[in-house]
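Worksheet for the structure shown next.
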(Lines of atoms letter the chains of each structure in order from A; the text may use other names.)
(Lines give C-alpha, C1' and ligand atoms only; values in the text may rest on other atoms or scores of the structure.)
Protein backbone atom coordinates (compact mmCIF):
# COMPACT_ATOMS: atom_id res chain seq x y z
CA UNK A 23 0.00 0.00 0.00
CA UNK A 24 1.35 3.39 -0.93
CA UNK A 25 1.10 6.23 1.50
CA UNK A 26 0.21 9.67 0.26
CA UNK A 27 2.39 12.55 1.38
CA UNK A 28 -0.35 13.99 3.60
CA UNK A 29 -0.74 10.83 5.71
CA UNK A 30 -0.09 11.49 9.38
CA UNK A 31 3.11 10.01 10.69
CA UNK A 32 2.10 7.63 13.45
CA UNK A 33 4.47 5.31 15.24
CA UNK A 34 2.90 2.32 16.93
CA UNK A 35 3.99 1.10 20.31
CA UNK A 36 5.48 -2.40 20.39
CA UNK A 37 2.29 -3.78 21.97
CA UNK A 38 0.14 -2.12 19.28
CA UNK A 39 2.39 -3.59 16.59
CA UNK A 40 2.03 -7.02 18.18
CA UNK A 41 -1.77 -6.67 18.35
CA UNK A 42 -1.83 -5.57 14.72
CA UNK A 43 0.32 -8.55 13.67
CA UNK A 44 -1.90 -10.96 15.64
CA UNK A 45 -5.04 -9.47 14.09
CA UNK A 46 -3.55 -9.83 10.59
CA UNK A 47 -2.61 -13.46 11.27
CA UNK A 48 -6.11 -14.18 12.58
CA UNK A 49 -7.67 -12.54 9.51
CA UNK A 50 -5.37 -14.47 7.17
CA UNK A 51 -6.29 -17.73 8.90
CA UNK A 52 -10.01 -16.98 8.60
CA UNK A 53 -9.64 -16.10 4.92
CA UNK A 54 -7.73 -19.34 4.26
CA UNK A 55 -10.52 -21.31 5.95
CA UNK A 56 -13.15 -19.54 3.85
CA UNK A 57 -11.15 -20.13 0.67
CA UNK A 58 -10.76 -23.83 1.51
CA UNK A 59 -14.50 -24.09 2.14
CA UNK A 60 -15.22 -22.41 -1.20
CA UNK A 61 -13.00 -24.94 -2.99
CA UNK A 62 -15.05 -27.90 -1.76
CA UNK A 63 -16.91 -29.41 -4.72
CA UNK A 64 -20.04 -29.98 -2.62
CA UNK A 65 -20.17 -26.49 -1.15
CA UNK A 66 -23.21 -25.57 -3.25
CA UNK A 67 -25.07 -28.81 -2.45
CA UNK A 68 -25.47 -28.34 1.26
CA UNK A 69 -28.58 -29.87 2.87
CA UNK A 70 -31.63 -27.65 2.65
CA UNK A 71 -30.14 -25.23 0.13
CA UNK A 72 -32.17 -24.57 -2.96
CA UNK A 73 -30.51 -25.26 -6.30
CA UNK A 74 -32.43 -24.65 -9.52
CA UNK A 75 -35.78 -25.17 -7.79
CA UNK A 76 -34.58 -28.45 -6.30
CA UNK A 77 -34.21 -28.94 -2.56
CA UNK A 78 -31.20 -31.06 -1.70
CA UNK A 79 -32.00 -33.31 1.22
CA UNK A 80 -29.36 -34.50 3.62
CA UNK A 81 -27.93 -37.79 2.45
CA UNK A 82 -28.23 -40.73 4.86
CA UNK A 83 -24.92 -41.80 6.31
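Numbering (my numbering), first residue to last: 23 to 83.
No residue lacks a Cβ here, since even glycine has one placed at the ideal position from N, Cα and C.
TODO: Excluding the 5 residues preceding and the 5 following residue 46 in the sequence, name in chain order all residues of the same chain whose CB lies nearer than 7 Å to its CB.
DONE: none
TODO: Return helix, strand or coil for residue 86, following the three-state DSSP convention.
DONE: No answer is possible for residue 86: it lies beyond the span of the chain, which begins at 23 and ends at 83.
Task: Rounded Cβ spacing between residue 42 and residue 34 (contact assumed at less than 8 Å) - done: 7 Å
Task: Rounded straight-line distance, which links the Cα of residue 48 to that of residue 59 - done: 17 Å
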